[in-house]
Every structure is written in structure tokens, then in C-alpha cells.
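Participant: FYI, this note's numbering numbers position 63 of the sequence shown as 66, with every residue one higher than the one before it. Quick one: structure below, then a few questions.
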Amino acid sequence: MQLLSRPQPQAARNLKRHNTANVLRSAQPRMVKTAVYVPEHSPAKQVEPTQGYGWDPRCNDDEPCWPSETSTSFQNVTMSSVDLTQDATSKKAYEAYCKEISKPDEEIDMLATSAYIAQMIKYPSVQPIDLTRSVDWLAQNIRAKLPEDGRYPMRVLRAVIAELYVARGFHGNAADYYSDDNSFINMVLSERKGIPVTLGLVFSEVAKRVGLPMIGLNLPTHFMLQPDVEGMEVLVDAFSGEILFKEEAEERLGEMMGATVEIDPKLLQGRHGCSKRAWLARMLYNLKAMYLGSNADQESALRVIRLLRATQPNNLADLRDEGLTLYSLRRYAEAAEAMQAYLDAEPSAEDAGMVATMLTSCRALARGQMQ
């Protein structure tokens, strides 16, 4: 799938040899396949509820969940056809996300930011309280089943897994791994399926509420978790709901990467997890890859890229990709502004010549649009 899929002027047609994987090199997080993983310490159903949290007759044991598809509180509304600059809900969600992400990393509310991502991209009526109440309820169930005495970390960890994966049926969505709904926490909570990074977020938020803090491990090809407990050198694969020893995690990663993998013991001993910003960026990069790939949804891709730029403003590849995406949407004046900003910041970039050629085309087309 080409990024520039619509009929384009000659300058763009000359660039068709640059497919999405080449032009948008940042569509996936950069991860080096290496025998030793060393953590980085730099900062780094389409219906949904319009009234938020509710009760549903499908639920057992007074379980809170989203209203059913037939409920009058549902409407089939998505954001994919709405211009970010024109839509008030999307703009408000973006501003709320930026405000939250500007806090010190340890103060960022991951459920709130996840709600704002959903609001801005696809599910405009999801609210942070919707996600918080669902996670609180899951944690309440676990606390009720744990004894008052003897809540040691491994017992709590097993109780979280039993509640989420056995009692409530959470699971990795292997059947439809590349669905964008796997990256929206409201849908992960509602449908009880997702991908490692989003299931990991649900797991972490639930575990935190029952006294077991977790850290995210931004491992290549497969996001995992580790209990933030001294001496507890095990990992959790939230996709399968399994507790793994280091050797088992290495074997699993090796199978996925087709190479021998060794996890640096210092990673587990020092509990060097990724930042919340890096966690959110990985979620967003998954969406970016989907919308610029087989899903071919440039409007949604633009929203994701702008969220990424707010999350990690020093990643200039996202600035370039914003310009390229705006170009494909025929928003030439905005595309030219983004491309020029990229070239000003990275004049010697490997793709500077390609971007400069498109910039010249953008400016000409923008003048034509103003006539």
C-alpha cells in the first residue's frame, strides 16, 4: 500500500518507489534485534456507549460493562471522517491529552490519556471515568477474594491473572491482531481482548489497585510486564496471561524474532521499566502502522501522528510523516509547513532530498488551491 494512493502530480508519481515501509520508517517503534536487551533510560463491533458507564443484563454478579448493541444509549459514531481542525470533540480531546502528557511522567494518568486517544480518533463519547470504573470493579473483585493476611506479591499476581483471564475471559486477540480496536482501552475492556501493550495496561492498572505495582517492559516485538517488587524477577505476558521466567520470555521472543534472544539480567534486577510516555507511544505507533498500512485511513493516521508529536516532540520523523500524510489528504499548505519545519530541523536527513521535492510540489499546489 502506497502512502500516496490517490492520483498525484508528477513530483509525487516520481516517488512511488518509496512505499509506506520506506517513507514512513517511524510507523513502528525502532527496535534493534540484538542478542542482549539493554533498557533505555532516556525520557523519553463499531458501536460504543454515548452515556458512558452502565449496567447490562448480559453481565453476571452485578458486573459493570458497556450497554448492549441494542440499547438506545448506543450510536454508531466514529471520528474517521471528521477533520481534526473542524471537530470540537476531537480538539478538546487533543487539548486534554496534551495537558495530561505535560505532567511529570509518574503523574500521568494512563487511563485518562487512553480515553482521550479513543475520543480523538474513533470513540468520541468515551470518558476517563468509564475506564476507571471498569478497572476499579475488576480490582474490587480481586480484593474480595484475597485473604486479609498473607497478601504476598506472588499470591496477588496469581489472583489478578485468575480474575482477568479465567473469571472474566480476557485474552489476546490472535484472530484479528491488526484491528485498530485492539489499541483502544475502552474496547479492550468491553470486548476483553487486545494486544500485548493494551492488555498490559489493563493488567497494570488492575494490579496497582490491589497493591501490586507493575512496570512495562518495552521489549522488541512483544510488550511484557514485571512486578515492581524487589527480588521478584519474573515477567508477565499479558497477551496470554502467563507468568514467565527470564528463560521462558527469551524463548518466546526468540520464536517471534527468529533469532536467539538474551534478556540482560540487569533489566529484571534493576526493574528498569519504560516510561509512561514510551508506553503510550508504543500504543500510538501500533495505530499509526495500521492506519498507514492495510487500513489506509489517512484522517485517523493524522490524528495519531499529532498525538505522537505531543507525546515525543523530539522525534522529527513524526513531523515529516505529518507533512506526508497532509499531502496525501491534499491539505497542501499545512503539508508544506510541516515539511519545511522538518527540513529546517534535519537539513542533512537521509530523505531530505525527497522531502524537498515534495515541498516544492506542495507549495505549487497550495497556490493553486488559493486561486
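All residues carry an ideal CB built from backbone N, CA and C; glycine is no exception.
1. Below 8 Å on the Cβ atoms is my contact criterion, and I expect Pro199 with Met217 to pass it. Report the Cβ-Cβ distance as a whole number of Å.
2. Is Leu247 near Leu238, with beta carbons less than 7 Å apart?
3. Nearest-angstrom Cα distance between Leu192 and Asp267?
4. So the candidates are Ile145, Pro156, Ala299 and Asp179; which of them puts its Cα closest to the Cα of Tyr168?
5. Check each candidate in Ser243, Leu222, Phe242 and Ala210 and name the one with the smallest Cα separation from Pro230.
6. Helix or strand or just coil, what does DSSP make of Ala215?
7. Can you name, in chain order, every residue of its own chain whose Cβ lies under 6 Å from the Cβ of His174, other than the five neighbours on each side?
8. Skipping 5 residues on each side, what residues in its chain have a beta carbon closer than 6 Å to that of Glu337?
9. Once DSSP output is grouped into helix, strand and coil, what is the label at Gln229?
10. Met235 and Pro156: beta carbons closer than 7 Å?
11. Between Val375 and Arg212, which are expected to be in contact by the criterion C-beta below 8 Å, what is the C-beta distance as a whole number of angstroms?
12. Within 10 Å of its beta-carbon, does Glu103 have 16 or more other beta-carbons around it, so buried, or fewer, so exposed?
13. To the nearest angstrom, report how far apart Glu451 and Ala262 are at their CA atoms.
14. What does the Cβ neighbour count give for Arg289, buried or exposed, with the cut at 16 atoms within 10 Å?
15. Per the DSSP calculation, Lys148 is bridged to which residue(s)?
16. Any chance the CB of Ser93 is under 6 Å from a heavy atom of the ligand NAD?
17. What residue range does the beta strand (DSSP E) around Asp240 cover?
18. Would you kindly check if the distance between the Cβ of Phe187 and the Cβ of Ala96 is under 7 Å?
19. Suppose you measure from the CA of Leu202 to the CA of Ala304; what does that come to, to the nearest Å?
20. Which ranges does the alpha helix (DSSP H) cover as unbroken runs of at least 4 residues, wholly within the segment 133–217, from first to last along the chain?
21. Residues in its own chain within less than 6 Å of Thr224 by CB, not counting five upstream and five downstream?
22. Helix, strand or coil: how does DSSP classify Leu222 here?
23. Is the CB-CB distance between Gly356 and Gly276 below 7 Å?
24. Based on the DSSP output, what are the partners of Ile246 in its beta bridges?
25. Would you grab the beta carbon distance between Glu166 and Leu149 for me? Rounded to a whole angstrom, and I think it's under 8 Å.
26. Considering only their Cβ atoms, is the gap separating Cys101 from Ala292 smaller than 7 Å?
27. From this set, Gly371, Asp90 and Asn185, which residue's C-alpha is nearest Arg285's C-alpha?
28. Can you tell me whether Gln374 is helix, strand or coil according to DSSP?
29. Which value, in whole angstroms, describes the spacing of the CA atoms of Ala177 and Glu194?
30. Which residues mark the beginning and the end of the alpha helix (DSSP H) in which Tyr119 is found?
31. Does DSSP classify Asn318 as helix, strand or coil?
32. Please state whether the Cβ-Cβ distance between Val307 and Leu287 is less than 7 Å.
33. Does Lys106 pass the burial test, meaning 16 or more other C-beta atoms within 10 Å, or should it be called exposed?
34. Within 10 angstroms of the Cβ of Glu250, are there 16 or more other Cβ atoms? Answer buried if so, exposed if not.
35. The alpha helix (DSSP H) that contains Ala91, what's its start and end?
36. Would you tell me roughly how many angstroms separate the C-alpha atoms of Val358 and Gln372, rounded to the nearest one?
Facilitator: Let me spell this out:
1. Not a contact, Cβ separation roughly 13 Å.
2. The beta carbons of Leu247 and Leu238 sit closer together than 7 Å.
3. Their Cα atoms are separated by approximately 33 Å.
4. With distances taken between Cα atoms, Tyr168 lies closest to Ile145.
5. Considering only Ser243, Leu222, Phe242 and Ala210, the residue with the shortest C-alpha distance to Pro230 is Ala210.
6. According to the sequence as given, residue 215 is Leu; it is not Ala. The answer is coil: DSSP assigns Leu215 none of H, G, I, E or B.
7. Exclusion of the five residues before and after His174 leaves Lys196 as the residues of its chain whose Cβ lies within less than 6 Å of its Cβ.
8. Correct list, in chain order: Leu329.
9. Secondary structure at Gln229: strand, using DSSP grouped into helix, strand and coil.
10. Cβ atoms of Met235 and Pro156: closer than 7 Å.
11. Shown here, the chain extends from 4 to 374; a query on residue 375 therefore has no answer.
12. Label assigned to Glu103: buried.
13. In the structure as shown, the chain begins at 4 and stops at 374. Residue 451 is therefore absent and cannot be evaluated.
14. Going by the sequence as given, residue 289 is Asn instead of Arg. Result: buried.
15. Under DSSP, Lys148 takes part in no beta bridge, so it has no partner.
16. You won't find the ligand NAD in this model; it holds no ligand whatsoever.
17. Here the beta strand (DSSP E) through Asp240 covers Leu238 to Asp240.
18. At a Cβ-Cβ threshold of 7 Å, Ala96 and Phe187 do not count as neighbours.
19. Distance between the alpha carbons of Leu202 and Ala304 is about 22 Å.
20. Listed in chain order, the complete alpha helix (DSSP H) runs (minimum 4 residues) inside the segment 133–217 are 156–164, 188–194 and 199–212.
21. By the criterion of a C-beta distance shorter than 6 Å, Thr224 is surrounded in its chain by Met259 and Met260, once the five residues flanking it on both sides are discounted.
22. Under the three-state reduction of DSSP, Leu222 is assigned to coil, being neither helix nor strand.
23. Result no, Cβ atoms of Gly356 and Gly276 do not sit closer than 7 Å.
24. DSSP lists Val239 as partners of Ile246.
25. About 10 Å separates the Cβ atoms of Glu166 and Leu149, ruling out a contact at the 8 Å cut-off.
26. No.
27. Looking only at Gly371, Asp90 and Asn185, the smallest Cα-Cα distance to Arg285 is reached by Asn185.
28. Three-state DSSP puts Gln374 in coil, outside helix and strand.
29. It is roughly 13 Å from the alpha-carbon of Ala177 to the alpha-carbon of Glu194.
30. Residues Met113 to Ile124.
31. Of the three classes helix, strand and coil, the one that applies to Asn318 here is coil, per DSSP.
32. Yes, Cβ-Cβ distance for Val307 and Leu287 is below 7 Å.
33. Exposed, by the Cβ-count rule.
34. Around the C-beta of Glu250, fewer than 16 other C-beta atoms lie within 10 Å, and the residue is accordingly described as exposed.
35. Ala91 to Ile104 is the span of the alpha helix (DSSP H), which, as asked, contains Ala91.
36. One alpha carbon belongs to Val358, the other to Gln372, and they sit about 20 Å apart.
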